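A short worksheet on the structure shown next.
Residue numbers (the UniProt record's numbering): 1 to 162.
See below:
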């Protein structure tokens, strides 16, 4: 795993930006609504560059395989990209993803910018991950290089560890 160093986005102990985006099902959802719907204590916010790309597809398959373990540990997963909701819906169906995908398509990258995840030069969300507690505070982060797959196993933790 390659983790980029340096402060990016909201830091541990600070409040995460609020957002409300179209899900791949077409409804507007906030991170807190996603967490509450799953009756989870935390939400893992996973920004990714592009649906249907090899590294992103590999990451989402890994998360899908870990989803039950994450959820049973109190963590809901929400993945966010600048792709349109229709693209995300097709991709979620293609991969059989059990968690919500949120579209940051328009205004293009506004949520990614708020989280420090938007690559202004290339116009997509970078590989940033934020674990938020029930109050919306950041409790853990990871920032991987664009072409590097993240290892999400570090977020499989006992409910009381944060």
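Glycine residues also receive a C-beta, built at the ideal position from the N, C-alpha and C atoms.
Note that this is a predicted model, so its numbers are computed, not measured.
Secondary structure of residue i, DSSP reduced to three states
i           : result
residue 37  : helix
residue 150 : coil
residue 42  : strand
residue 58  : helix
residue 162 : The predicted position of residue 162 is uncertain, since its pLDDT is 46 and thus under 50; a value taken from the coordinates is nonetheless stated next. Residue state, collapsed to three classes: coil.
residue 5   : Low confidence applies to residue 5: its pLDDT is 40, below 50, so where it sits in the model is not reliable enough to give any reading.
residue 156 : coil
residue 15  : strand
Cβ-heavy atom distance, residue i to the ligand GDP, below 7 Å
i           : result
residue 140 : This structure lacks the ligand GDP, and indeed carries no ligand of any kind.
N- and C-terminal bounds of the alpha helix (DSSP H) containing residue i
i           : result
residue 11  : Element bounds for residue 11: n/a, residue is neither H nor E.
residue 111 : 110–114
residue 93  : 85–95
Cβ pair residue i, residue j closer than 8 Å
i           : j           : result
residue 34  : residue 43  : yes
residue 136 : residue 51  : no
residue 63  : residue 156 : no
residue 115 : residue 47  : yes
Alpha carbon of residue i to alpha carbon of residue j, nearest angstrom
i           : j           : result
residue 74  : residue 121 : 36 Å
residue 93  : residue 152 : 21 Å
residue 117 : residue 37  : 25 Å
residue 83  : residue 72  : 29 Å
residue 148 : residue 54  : 11 Å
Host beta strand (DSSP E) of residue i (start-end)
i           : result
residue 28  : 28–30
residue 126 : Neither: residue 126 is in no beta strand (DSSP E) and is coded neither H nor E.
residue 24  : That residue, residue 24, is in no beta strand (DSSP E); it is neither H nor E in DSSP.
Residues that residue i bridges to, as DSSP identifies them
i           : result
residue 100 : 78
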